[in-house]
Amino acid sequence: MKKILLLFMMLLLVLPISAQKRVKLGTFHKPSVGKEVITHKSAKKVFKGIPKTVFAKSNLDVDVVEVFNYGELDDGTNDLCVCLYNEANDFPCIQFDIYANPSNLSGSYSVTDGTVNTEQGFVMTSEEEGDYLDDCSLTISKVNGGYKIQGECTGYSYGDSYSFSAIWSGEFSSLYSYDYEPDEVTTINFTASQFEADDFSEDYGVVELYLWNNDYQLCLEYNTYNYDGKIPAGTYSINDSGNEGTFSKSVGGDEEYDYGCYLATDFDDEGYYYSSYYLVSGNVTISYDTDGAMQISVNAKSAKGSTIKATYKGKPAPTPGEGIELVIADYGKTSFTDLGISVSVNANGGTSPAYNSNSKDLRAYAKNILTIDAGSNTMTQIDFDISAQGLKRQAEISPSTGEMTYDLNNQKVYWQGQASKVEFTVGQSATYGTESNKAGQFDFTKITISTGGTPTPPTEKTLTSISVSGQKTELVQNSAFVFGGKVTANYNNGSTSDVTSKSTFSGYDMSKVGSQTVVVSYSENGVTKQTTYQLTVKESSVTPPTPGEGIEIVVADYASTSFSANGVNVSVDANGGSEPAYNETSKDLRAYAKNILTIDAGVTMTRIDFLISSKGLMRQAEITPSTGSMNYDMENSLVTWTGSASQVSFTVGDKAVYGTDGAKAAGQFDFTKITISTGGTPTP
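Residue numbers (our numbering): 1 to 684.
Printed below as a string of structure tokens:
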């Protein structure tokens, strides 16, 4: 018995998994591509968070062995998951993977020679106590038509050892089955009223399509790494090749999920379904009408011989020039597609976006990226109706193209431009909100999109004044002028707009020490407004380092990812990776994979020593300098650059190739202190 979210109810209720009810949450689970973790039933419920408990060296009392074959690898061996447990008590149990020839498993295996994989392995001595695995070695020998498996594994957290020995019959356990499909052969032919697609192409190479009505839900797993929001018209085969442009033949299901293409049916009043039909052959045809409406036709055979037919015809794409209104409460989630418009929010390192059922709004938080994609249509204006919470926390919104207008007196935020797709990045602070000292958000209840034609201003407005905020009020003599703040234009209809990039600054002289008046000017539609602020130009209190001297910079003294110290500028740019961070606990600056660390001394540097933190020793990546060379002395927690340059940029590699976590872990560059040698000849 399985549970599914009936999407026609438009209620996103998260429902618990139990041993009696298999759960398939509509479009909300990851597809079954790649290796799944298969464990014994009792081990499964503790795998996600195994407590780290100290044990003495012990012999595990195991008497049952299950081995699952995940399939052949490129080198000709097979990936086999080995699970040993005590039949009477479920525990102790132990799991790991080996790479072997399934026709004859006799031999020795170890992590050292690469034939044992403990990455997803674990040992449990009870339901509450256990550990992940670090090292493991074993011997398998033939015994009376079966195999004897014996060996020893070491815990990850404390290095405790566990030995085991058990007899295996040699029969591989089934990964999935067709047990949930009815034995009676029948024909099911239905018309779907709803459709949705979930894109897992980047991570898993599939897109999941869902077609459903009140009685049936059909899941179609389309294989592709090149999904751009639209599957090309054509007829596609259902098979087990996994090739680009095919649909996945179902391998059946387990106690939690169904896999590949399948049909769910026999729903009860609570939304549970009792039966699945597993599609193993047939075709899926996709076409598009002249008005842009998508049509899907399915004609397939199930594992036990039933015929499954389904059709769906989507809504036409909007006509250019028409307004398209999307009410958030009609969808009740952070990502949806309707009327030819795709709306989605990505966390982007910030708090996960949310739909709030009380205020009926979609909430995008600081750093979140909202994407609105109109497909082949050109959008010229998007009106956002802001919720009550949004009025409190309205952030500065940065669109990938076009401009924003904030008319919060009328609870509106507008985008204007000309694009088929726009990404909106939410600012860190509630700049336009009534709680401007709080974290920024973008909370709206409705989106109205205008397509085609020329953008129409939301209201007639006239520039009445400008104001400045966040500006730098002190600069060093003879340095470059930096405004550093924001210029806000204020209009007669109560709306505002960020015009910093279009404003001019005058009245200052960076060669003179003292208080100066900076004049800020902005013009729009023949109206010019000005404002002023006071800037203090002061003499430099920092003496540049003398060539040949050492400069020591302790990261904890600055507690930031960008700072100036002793005439040296240190900064880290995310460069498409995770945002860099200063960690208060370990007192280190953490540059993540792809991040670029820049050190600018203004004088020639010949050597830079980075003192690596304990976390850095685990995740040390390959570092690529813009000039010079790197040396990694991890035993002494030291990474050193040598060369000759006044400025060096260091790009952090993707993997922890020098770290103790190994090359499969994400790379980092975490250091607590920088020591810079200037002038002279580099010393190794």
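Every residue gets a Cβ at the ideal spot worked out from N, C-alpha and C, and that includes glycine. Just so we're clear, the structure is a prediction, and the values are computed from it rather than from any experiment.
Exercise for the section: Report the rounded CA-to-CA distance for ALA656 versus PRO580, giving the unit in angstroms. Expected result: 16 Å
Handout entry: Inter-stretch contact at 8 Å, needing at least 3 Cβ pairs: the stretch 526-538 / the stretch 552-572
Key = Taking one beta carbon from each stretch, the stretch 526-538 and the stretch 552-572 have fewer than 3 pairs nearer than 8 Å; the two do not touch.
Handout entry: Three-state secondary structure (DSSP) of ASN409
Key = helix
Exercise for the section: With distances taken Cα to Cα, identify the nearest neighbour of TYR582 among GLY514, GLY616, ASN223. Expected result: GLY616
Exercise for the section: State the DSSP-derived secondary structure class of ILE551, mapped to helix, strand or coil. Expected result: Residue state, collapsed to three classes: strand.
Problem - Buried/exposed call for ASP203, threshold 16 Cβ in 10 Å - result: exposed
Practice task
May I ask you to report which of helix, strand or coil DSSP gives LYS360?
Solution key: coil
Exercise for the section: May I have the straight-line CA-CA distance separating LEU370 from ALA166, to the nearest angstrom? Expected result: 54 Å
Practice task
Sort out for me which residues DSSP pairs THR334 with in a bridge.
Solution key: In the DSSP output, where bridge partners are listed per residue, THR334 has none listed.
Handout entry: Neighbourhood of SER613 by C-beta distance below 6 Å, restricted to the same chain and skipping five residues each side
Key = SER586, ASP588, ASP670, THR672
Problem - 8 Å Cβ cutoff met for ILE447 and ILE382 - result: A distance below 8 Å separates the beta carbons of ILE447 and ILE382.
Problem - Cutoff 6 Å; reference ASN239; Cβ partners in own chain excluding five residues on either side - result: THR246, LYS249
Practice task
Pick helix, strand or coil for SER614, following the three-state DSSP scheme.
Solution key: helix
Exercise for the section: Look up ILE231 in the DSSP assignment and say whether it is helix, strand or coil. Expected result: Coil.
Practice task
Check whether the Cβ atoms of ILE599 and VAL568 sit closer than 8 Å, and answer yes or no.
Solution key: yes
Practice task
Buried or exposed for SER141, please, with buried defined as at least 16 other CB atoms from any protein chain shown within 10 angstroms of its CB.
Solution key: exposed
Practice task
Output the boundary residues of the beta strand (DSSP E) element that contains ASP573.
Solution key: 568-573
Handout entry: beta strand (DSSP E) runs wholly inside the stretch 130-206, at least 3 long, in chain order
Key = 130-143, 146-155, 161-168, 187-191, 194-200
Problem - Close-in-space but distant-in-sequence residues of the same chain around GLN428 (CB under 8 Å, 5 per side omitted) - result: Result list for GLN428: ALA366, LYS367, ALA395, ALA439, GLY440, in chain order.
Handout entry: Straight-line gap, LYS472 to TYR558 (C-alpha atoms, nearest Å)
Key = 19 Å
Problem - TYR700 - partner residues in DSSP beta bridges - result: Within the shown structure, residues of the chain are numbered from 1 to 684, placing residue 700 beyond reach of any answer.
Exercise for the section: Output the distance between the C-alpha atoms of HIS40 and TYR85, rounded to the nearest integer angstrom. Expected result: Any reading at HIS40 must be qualified, since the residue scores a pLDDT of 23, below 50, and its modelled position is unreliable; the value itself is stated next. Approximately 8 Å, taken between the alpha carbons.
Practice task
Could you spell out where the alpha helix (DSSP H) holding LEU391 opens and where it closes?
Solution key: 388-393
Handout entry: Sequence-distant residues of its chain with Cβ nearer than 6 Å to SER287 (five each side left out)
Key = ALA233, GLN295.
Problem - Neighbourhood of SER275 by C-beta, 6 Å cutoff - its chain only, sequence neighbours within 5 removed - result: Cβ neighbours of SER275 beyond the five flanking positions: PRO182, THR265, ASP266.
Practice task
Kindly indicate the opening and closing residues of the beta strand (DSSP E) around GLY427.
Solution key: Note, GLY427: premise wrong, no beta strand (DSSP E); not H, not E.
Exercise for the section: Per DSSP, which residues does THR585 bridge with? Please list them. Expected result: DSSP, once it has assigned bridges, lists no residue as partnering THR585.
Exercise for the section: Leaving aside the five residues before and after THR640 along the sequence, list all residues of the same chain whose C-beta is less than 6 Å from its C-beta, in chain order. Expected result: ASP609, ASN631
Problem - ILE447: first and last residue of the uninterrupted beta strand (DSSP E) it sits in - result: 441-451
Exercise for the section: For SER201, collect the residues of the same chain with a Cβ closer than 6 Å to its Cβ; drop the 5 residues on either side in sequence, then sort them by chain order. Expected result: Around SER201: VAL207, THR224, TYR225, TYR227.
Exercise for the section: Leaving aside the five residues before and after VAL482 along the sequence, list all residues of the same chain whose C-beta is less than 6 Å from its C-beta, in chain order. Expected result: LYS472
Exercise for the section: Kindly indicate the opening and closing residues of the beta strand (DSSP E) around TYR257. Expected result: Segment: none, TYR257 is in no beta strand (DSSP E) and carries neither H nor E.
Exercise for the section: Taking 8 Å as the cut-off, decide whether the C-beta atoms of SER495 and THR380 are in contact. Expected result: no
Practice task
Between the Cα of SER306 and those of TYR277, THR334, GLY323, spot the shortest distance and give me the residue it belongs to.
Solution key: TYR277
Practice task
Under the assumption that TYR176 contacts VAL251 (Cβ atoms under 8 Å), give the Cβ distance between them as a whole number of angstroms.
Solution key: 5 Å
Exercise for the section: Measuring alpha carbon to alpha carbon, tell me which of VAL476, ASN348, ASN144, GLN389 ends up nearest GLY576. Expected result: ASN348
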